[in-house]
Amino acid sequence: MTQDELKALVALEALKYVHAGDLIGVGTGSTVNHFIKALGANPVLCKSLKGAVSSSVATTHLLQAIGLSVWEMDQVESLSIYIDGADEIDHNGFMVKGGGAALTREKIVASIAKEFICIADETKLVQTLGRFPLPVEVIPMAQVQLIRQFSQLGAQAVLRLKDGKPLVTDNGQHILDVTGLKIDRPLDFESLVNQWPGVVTVGVFAHQRAAKCLLATPGGVKTLIFNS
Ligand code: 5RP
133 MTQDELKALV
143 ALEALKYVHA
153 GDLIGVGTGS
163 TVNHFIKALG
173 ANPVLCKSLK
183 GAVSSSVATT
193 HLLQAIGLSV
203 WEMDQVESLS
213 IYIDGADEID
223 HNGFMVKGGG
233 AALTREKIVA
243 SIAKEFICIA
253 DETKLVQTLG
263 RFPLPVEVIP
273 MAQVQLIRQF
283 SQLGAQAVLR
293 LKDGKPLVTD
303 NGQHILDVTG
313 LKIDRPLDFE
323 SLVNQWPGVV
333 TVGVFAHQRA
343 AKCLLATPGG
353 VKTLIFNS
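In terms of the numbering used here, the sequence shown opens at residue 133 and continues consecutively.
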């Protein structure tokens, strides 16, 4: 099976966690795109939902295209579930996210969900976070200083480009991708980097880790449940 087929498989499995009347949070990325497609292919379930809160402009367009009503964060107090992919997930449900540059809104939407369900293919499961370059959304004015701060940790941060220019997020900010990190204490690391001036959001999701991970393997989808 290709990685894309695994993503489609796990996205379909995630529909089992969506129920009539739910207001759901929806992440961003290619795995989530498969989830939205699967939801759209199930009109009975799709029509039965109250709606969704979206984590990016791209996801909003896809949700609207399948006829789901998209709610703003300030109209909603809580969500039954939040469904999103990850760039890495460890055996405690701690994740690295932001490969699609949507990490800030993803963290905001996930914060009001009763349960974070991560949908991933088996290549995303790691022993220790840090293999995937860590995305950090930053205020442009602070980016050079933040590159220096990461280098003091022995890591290398580079500005993410798109078409030769700095990528601009949905929030009008930039992304640094940081390599050379071994994040063996994700909770402490997230707290540390989040308080550096100019950091909008660090792509470690430890304080808001996943409750479950649906993990696609060629033998089927495994469900990892993390202790609370
Ligand atoms: C976007 C994300 C995605 O969840 C992450 O990059 C995984 O993406 P994909 O499902 O395309 O592999 O955090 O900001």
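Just so you know, even glycine gets a beta-carbon here, dropped at the ideal spot from N, CA and C.
All figures in this text were calculated on a predicted structure; none of them were measured in a lab.
Report task. Would you list, in sequence order, the uninterrupted beta strand (DSSP E) runs of no fewer than 3 residues that lie entirely inside the segment 226–263? Result -> You should have 248–253.
**Report entry** D216 Cβ short of 7 Å to the ligand 5RP heavy atom set
**Finding:** Yes.
Requested in this report: Just the C-alpha distance for Q284 and G312, rounded to the nearest angstrom, thanks.
Outcome: 11 Å
Report task. Compute the beta-carbon to beta-carbon distance between I251 and A146, rounded to the nearest angstrom, for a pair I have assumed lies under 8 Å. Result -> Rounded to whole angstroms, the Cβ separation of I251 and A146 is 5 Å, and the two are in contact under 8 Å.
Query raised in the report: Looking at the structure shown, is E137 part of a helix, part of a strand, or coil, going by DSSP?
Result: helix
Query - Secondary structure of P272, DSSP reduced to three states - result: helix
Query raised in the report: By Cβ distance below 6 Å, which residues in the same chain neighbour G157 in space, the five residues on each side in sequence not counted?
Result: V185, L211, Y214, V241 and A245
Query - Helix, strand or coil at F322 according to DSSP, with G and I counted as helix - result: First, the residue type needs correcting, since residue 322 is Glu and not Phe in the sequence shown. It is helical.
Requested in this report: Measuring alpha carbon to alpha carbon, tell me which of D295, P267, Q305 and T255 ends up nearest A274.
Outcome: Q305
**Report entry** Distance, E322 Cα to G225 Cα
**Finding:** When only Cα atoms are considered, G225 and E322 end up about 14 Å apart.
Query raised in the report: Helix, strand or coil: how does DSSP classify L308 here?
Result: Here DSSP, grouped into helix, strand and coil, assigns L308 to strand.
Query - Euclidean distance between Cα positions of V332 and A287 - result: 19 Å
Requested in this report: May I have the straight-line CA-CA distance separating E204 from G159, to the nearest angstrom?
Outcome: 14 Å
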